[in-house]
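Here is the structure we will look at, set down as structure tokens.
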Amino acid sequence: MRNFNENTITDAVLERIAGATDQRIKQVSEALVRHLHAFVREVRPTQKEWEYGIDFLTRTGHMCDDKRQEFILLSDALGVSMLVDAINHPVPEGATETTVLGPFFVQASPEKDNGADISGPKEGDPMLVTGSVSTVDGRPLAGAVVDVWHSDDDGYYDVQQLDKIGDLAMRARFHTDQNGRFNFWSIKPAAYPIPHDGTVGDMLAVQGRHPWRPAHVHFMISAPGFEQLVTHVFVAGDQYLDSDVVFGVKDSLIREFVRCPPGRAPDGRMVDSEYYHLNYDFGLKQVASNARAA
Ligand code: BEZ
Ligand code: FE
Numbered sequence: 308m309r310n311f312n313e314n315t316i317t318d319a320v321l322e323r324i325a326g327a328t329d330q331r332i333k334q335v336s337e338a339l340v341r342h343l344h345a346f347v348r349e350v351r352p353t354q355k356e357w358e359y360g361i362d363f364l365t366r367t368g369h370m371c372d373d374k375r376q377e378f379i380l381l382s383d384a385l386g387v388s389m390l391v392d393a394i395n396h397p398v399p400e401g402a403t404e405t406t407v408l409g410p411f412f413v414q415a416s417p418e419k420d421n422g423a424d425i426s427g428p429k430e431g432d433p434m435l436v437t438g439s440v441s442t443v444d445g446r447p448l449a450g451a452v453v454d455v456w457h458s459d460d461d462g463y464y465d466v467q468q469l470d471k472i473g474d475l476a477m478r479a480r481f482h483t484d485q486n487g488r489f490n491f492w493s494i495k496p497a498a499y500p501i502p503h504d505g506t507v508g509d510m511l512a513v514q515g516r517h518p519w520r521p522a523h524v525h526f527m528i529s530a531p532g533f534e535q536l537v538t539h540v541f542v543a544g545d546q547y548l549d550s551d552v553v554f555g556v557k558d559s560l561i562r563e564f565v566r567c568p569p570g571r572a573p574d575g576r577m578v579d580s581e582y583y584h585l586n587y588d589f590g591l592k593q594v595a596s597n598a599r600a601a
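Note that this note's numbering has the sequence shown beginning at 308, numbered continuously upward.
Below, the structure written as structure tokens:
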């Protein structure tokens, strides 16, 4: 077959794919071609615009290494990460809603005992975090692994300032106690802009968008037999809750970080300054017995 034109080229490519033996590859390839061709037909790019698009993606790729992943950031800022999350994480009654992982998770986070202060050398408003991990019907899960990480009061994560602070801080791995509870001290996080010195930042600027995320604390919670939960808890009242650059906010994940006077804190500690208290009770969903292997 030859002499394809605007009206015949899509079917010609689809026909070429028809022999793919893996049905999932065939389905994904066909959808990619149909949607990509439809996009080009709708947008009708000039040759120069198409070259710009290729250059944009090339520059995005060049910004990816083991420290920076501009493609994930692009997926986040275009709402694709949250769409994939929504498709893969239906939430039954009693289960905590999910949101994006983000680029600042560290696999080998320091293990800490409940009650630890994880602020390291960082100063800020003291924050007590208490919480629990249960099944969707309220049975406490002892020994669940609770990874937490958050920004400082200037909106920077430890991994963005390791040269200055020397070690990981404002992140740790806890285990829930016999009652499924955990608690720790840190400093209250602030809102922050996602890295916007690359192609994603260029895109946000020309789309007339800001790069900010509302203040939040990240949680990744695992327990055998339960789906791993990746989520955040957002600070109620933050000015960016309705315009989070990565579309990650859900009402069920917003909590008051309650301002408390000096005195005895709920964990029994005597505190000589004002502090903030966040409590959140998480519900984990059991792994479906017919779950497809990843
Ligand atoms: C974060 O919350 O850490 C994050 C999520 C998506 C993009 C950038 C940062
Ligand atoms: Fe974050």
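Heads up, the beta-carbon is just placed ideally off N, CA and C, and yes, glycines get one too. Nothing here was measured: the structure is a model prediction, and the numbers come from that model.
Problem set entry | Contained beta strand (DSSP E) runs [length at least 3] in the region 418-476, N- to C-terminal order | 433-442, 452-457
For this session: Give the secondary structure of residue 535 by DSSP, where H, G and I count as helix, E and B as strand, and everything else as coil.
Result: DSSP places residue 535 in coil when its eight states are reduced to three.
Problem set entry | Three-state secondary structure assigned by DSSP to residue 593 | When secondary structure is reduced to three states using DSSP, residue 593 falls in the strand class.
Problem set entry | residue 411 CB to nearest heavy atom of ligand 2 below 8 angstroms | yes
For this session: Could you tell me which of 583, 504, 596 sits nearest to residue 380, measuring between CA atoms?
Result: 504
Problem set entry | Candidates 463, 510, 339, 543: closest to residue 364 by CA position | 510
Exercise. Does the beta-carbon distance from residue 436 to residue 529 come in below 9 angstroms?
Worked result: no
Exercise. Is residue 388 near ligand 1, judged by its Cβ being under 8 angstroms from some heavy atom?
Worked result: yes
Exercise. If we call anything under 9 angstroms between Cβ atoms a contact, is residue 440 one with residue 593?
Worked result: no
Exercise. Any chance the CB of residue 309 is under 8 angstroms from a heavy atom of ligand 2?
Worked result: no
For this session: Using three-state DSSP, classify residue 553 as helix, strand or coil.
Result: Reduced to three states, the DSSP call for residue 553 is coil.
Exercise. If you draw a straight line from the alpha carbon of residue 483 to that of residue 438, how long is it in whole angstroms?
Worked result: 9 angstroms
Problem set entry | Start-to-end residues for the alpha helix (DSSP H) that takes in residue 382 | 377-384
Exercise. Closest to residue 573 by CA distance: which of 491, 427, 309 is it?
Worked result: 491
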